[in-house]
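2 protein chains.
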Amino acid sequence: MKNYNVALVGLGNVNRTLAQILHTDAARLAEETGFTLRVTGITDLRLGTVVDPDGVDMGAVLALRQGETFAAIGGVETCDNETFIRTCPADIVVEATFTNPLDGEPALSHVRWALESGKSVCTTNKGPAAFAARELKALAAEMGVRFEYEGAVMSGTPVLRLASGPLEAVGMTGFSGILNGTSNYILGRMEAGLSQAEAIAEAQDHGYAEADPTADIGGSDVRLKVTVLANDILGANLHAHEVPMEGITGITPEMVAEALSRGAHWKLIGQGSKADDGTVTVSVAPQMLDADHPLAGVAGATNAVMFDTRFLGAVTISGPGAGRVETAYALLSDIIAIDAYSRQHG
Amino acid sequence: MKNYNVALVGLGNVNRTLAQILHTDAARLAEETGFTLRVTGITDLRLGTVVDPDGVDMGAVLALRQGETFAAIGGVETCDNETFIRTCPADIVVEATFTNPLDGEPALSHVRWALESGKSVCTTNKGPAAFAARELKALAAEMGVRFEYEGAVMSGTPVLRLASGPLEAVGMTGFSGILNGTSNYILGRMEAGLSQAEAIAEAQDHGYAEADPTADIGGSDVRLKVTVLANDILGANLHAHEVPMEGITGITPEMVAEALSRGAHWKLIGQGSKADDGTVTVSVAPQMLDADHPLAGVAGATNAVMFDTRFLGAVTISGPGAGRVETAYALLSDIIAIDAYSRQHG
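Right under this line is the structure:
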């Protein structure tokens, strides 16, 4: 059976969950996918670096105690991401670190280093795809490898791969999405009578919202995802800063109640549309949706994207937009896509 | 550019629409898909048979006047489907005839003849997949060709291909679907205050419901689709007659109003679930769904399937469940899948 050597960059929640799945579900995954995965290296800011061409002992990695580093299992306490990514004996680099939403770094450099050294790369970070998708895809094509990022939008819910696969040739003309679970949860709780401040506090209690909820309720998280979708699905070449953005901070309890009284719902909508001449228009803004709109019933922290198509009219996919396991699955689906490409091209 | 020769079996609404799309959108489709399609033969009960290895003149076919047959454009008035399917110089047979819901014929034989003669086949008929999916897939594998039937469930909305592609390895444990637009439309109109008889009459006026609406409201249409989904997605080996079935005829205006008063909705649900030991349980029956259920808001003639998965929880896709253009697109997506297989396997 074909094996891929995998290098993990970052061992936070997402990559740790992926490592756990690979460790405990190896047999079932091999049966379902037709290949095996061997982790040959891990680097992490807190844990250091460990490399073993024969396979890192993942049982030992997952059993590390609080405060222990990879030095305890034959690695080192330091990490140099560029050297690690360029030299680790891996076919696939799995990138799941922090992204700066202003410039996509350091994830963007991680992806570039992986591709430059002839490795396929998958990432859950929005940054690389939102700031440099075209450059990175061209680089991947030049090197004969893949750049995959399903988890950048709606975690493991396969929005990007549905559009590029089963909806190929459907005549895609646009999309509208509920792309931030926190703001959708907050709007839902405002429908239940809470003020926005109360709803934000509740979302923080539930772990949906960060201590600083600005990226969620201000729209900048959605803006990155709209950029990824517009570039990927509509063939645009946009930079995130070019997307007009308005968050939900201006939505008052009165507006929510007034909409609700006629069956309508306020939603934070990220959307893009392509004109006949190919021009792509994008926006992030709250919209009041009538009850029969496909996105009106998307409740709680669920995310959804409605595709506008020439042959099928509206097609909508909804599912989780976040979560440890859900995002780890996005990486697994990326690896499956890399395998499919690899089989097809030699 | 790679070309596939295509034989059309049946030239009713669906195949005629496909032919129109292939005729008028040829350049755009070639650009998007990387291949061309040439219709080398057509057979139809009313129109007769026409075969031309260099390509049937589709402009002439589409311009045939009422009452004219293929005899007017160099063909014959008669048709012998078995001989046509076995001998037509085609790589792909596109089957879009009538199916008998009791045994899947004659579509089932059409598919078998195509596969036996080494041709890939795609069909919008539920019959072949509902009554003989396992046999026909094995036959296709043996002959090194493909049997595709995305249009059998939800027309062009890519339910089957989403499950087998982007949701591969997601740990699929079950599905629930609104799979009949007519009954969903009727239930929606009953929510607006109509009796079931009035709603049926209105659906007939709109062209949603047949003169005899039994298959729609009695559940047998959904039963065929549940069989296809259970066999395809959950690995079952069910025969349509094994699926317990209850339609919507027992749903009264009082039940609808009572549900609505607490925000709930009656829906005709086709579902399947797989136990840990692999046992698959299926059913077709009306269910009352709370407002926050992903299928509760699916309105009008729209269809939807919610997948239950181990890694992502619930993922739902909604879109058209019928329509000329929508179903023709299903065939086009099948042909794209056949091309992908063909590229991968030499």
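If you're matching them up, the sequences are chains A and B in order. Numbering of the first sequence is given in this note's numbering, commencing with residue 1356 and proceeding in unit increments. Numbering of the second sequence is given in this note's numbering, commencing with residue 1356 and proceeding in unit increments. Glycine included, each C-beta is placed from N, C-alpha and C at the ideal position.
When the beta-carbon positions are compared, Arg-1441(B) and Ser-1472(B) come within less than 7 angstroms of each other. Here the stretch 1430–1448 of chain B does not lie against the stretch 1552–1562 of chain B, with fewer than 3 beta-carbon pairs under 8 angstroms apart. Among the bridge pairs identified by DSSP, Gln-1642(B) is matched with Lys-1622(B).
At least one CB atom of chain A sits nearer than 7 angstroms to the CB of Gln-1699(B). In terms of CA proximity to Val-1394(B), His-1378(B) leads the group His-1378(B), Thr-1388(B), Glu-1386(B), Arg-1401(B). Taking 3 residues as the minimum length, the beta strand (DSSP E) runs contained wholly in the stretch 1415–1474 of chain B are 1447–1450, in order along the chain.
Contact between Phe-1425(A) and Leu-1402(A) holds, since their C-beta atoms are separated by about 5 angstroms, short of 8 angstroms. For Tyr-1696(B), the enclosing alpha helix (DSSP H) starts and ends at 1679–1699.
Under the 7 angstroms criterion on CB atoms, Leu-1366(B) is classed as non-interfacial with respect to chain A. Under the Cβ criterion of 7 angstroms, Val-1670(B) is counted among the residues facing chain A. Counting only unbroken stretches of 4 or more residues, the alpha helix (DSSP H) elements lying wholly within the stretch 1366–1423 of chain B are 1368–1379, 1381–1388, 1413–1417, in sequence order.
Under the 8 angstroms Cβ criterion, the stretch 1595–1608 of chain B counts as touching the stretch 1568–1585 of chain B, having at least three qualifying pairs.
Boundaries of the alpha helix (DSSP H) harbouring Leu-1615(B): 1608–1616, taken from the DSSP string. The CB of Ala-1558(A) never comes closer than 9 angstroms to any CB in chain B; the least such distance is about 17 angstroms.
Comparing alpha carbon positions, the residue from Gly-1674(A), Gly-1389(A), Asp-1632(A) closest to Thr-1528(A) is Asp-1632(A). Asp-1645(B) sits exposed, since fewer than 16 C-beta atoms from the chains shown fall within 10 Å of its C-beta.
Going by C-alpha positions, Ala-1659(A) is about 16 angstroms away from Ser-1628(A).
Burial check for His-1561(A): the Cβ neighbour count within 10 Å stays below 16, so the residue is exposed. Taking 7 angstroms as the threshold, the shortest C-beta distance from Gly-1511(A) to chain B falls below it. Comparing C-alpha distances from Gly-1625(B) to each of Gly-1536(B), Gly-1618(B), Val-1637(B), Ala-1619(B) shows the shortest one belongs to Val-1637(B). Sequence-ordered contacts of the stretch 1528–1552 of chain A with chain B are nonexistent [C-beta pairs closer than 9 angstroms]. Inter-segment contact for the stretch 1480–1487 of chain A and the stretch 1362–1375 of chain B is absent: fewer than three beta-carbon pairs are separated by less than 8 angstroms.
For Asn-1586(B), the uninterrupted alpha helix (DSSP H) run begins and ends at 1575–1588, by DSSP. For Val-1525(A), the chain B residues whose C-beta falls within less than 7 angstroms of its own C-beta are Tyr-1684, listed in chain order. Between Thr-1479(A) and Thr-1657(A), the CB-CB gap reaches or exceeds 7 angstroms. Here the C-alpha atom of Ala-1418(B) lies approximately 16 angstroms from the C-alpha atom of Gly-1396(B).
In this structure, DSSP gives Pro-1649(B) a state outside helix and strand, which the three-state scheme calls coil. Using a CB distance cut-off of 7 angstroms, Ile-1691(B) counts as an interface residue toward chain A. The straight-line gap separating the alpha-carbon atoms of Ala-1640(A) and Asp-1647(A) is approximately 20 angstroms. The contact set of Glu-1432(A) on chain B, defined by CB atoms closer than 8 angstroms, is empty, because the minimum CB distance reaches about 33 angstroms.
Across the structure, Ala-1487(A) and Ala-1469(B) are spaced so that their CA atoms are roughly 47 angstroms apart.
In this structure, Ile-1693(B) sits away from Arg-1383(B), with a CB-CB distance that is not shorter than 7 angstroms.
Less than 7 angstroms separates the beta-carbon of Glu-1387(A) from that of Ala-1524(B). Per DSSP, the continuous alpha helix (DSSP H) segment holding Ser-1538(A) begins and ends at 1536–1546.
Shortest Cα-Cα distance from Ala-1547(B) to any of Leu-1534(B), Ala-1614(B), Thr-1404(B) involves Ala-1614(B). Between Arg-1665(B) and Gly-1526(B), the C-beta spacing is below 7 angstroms.
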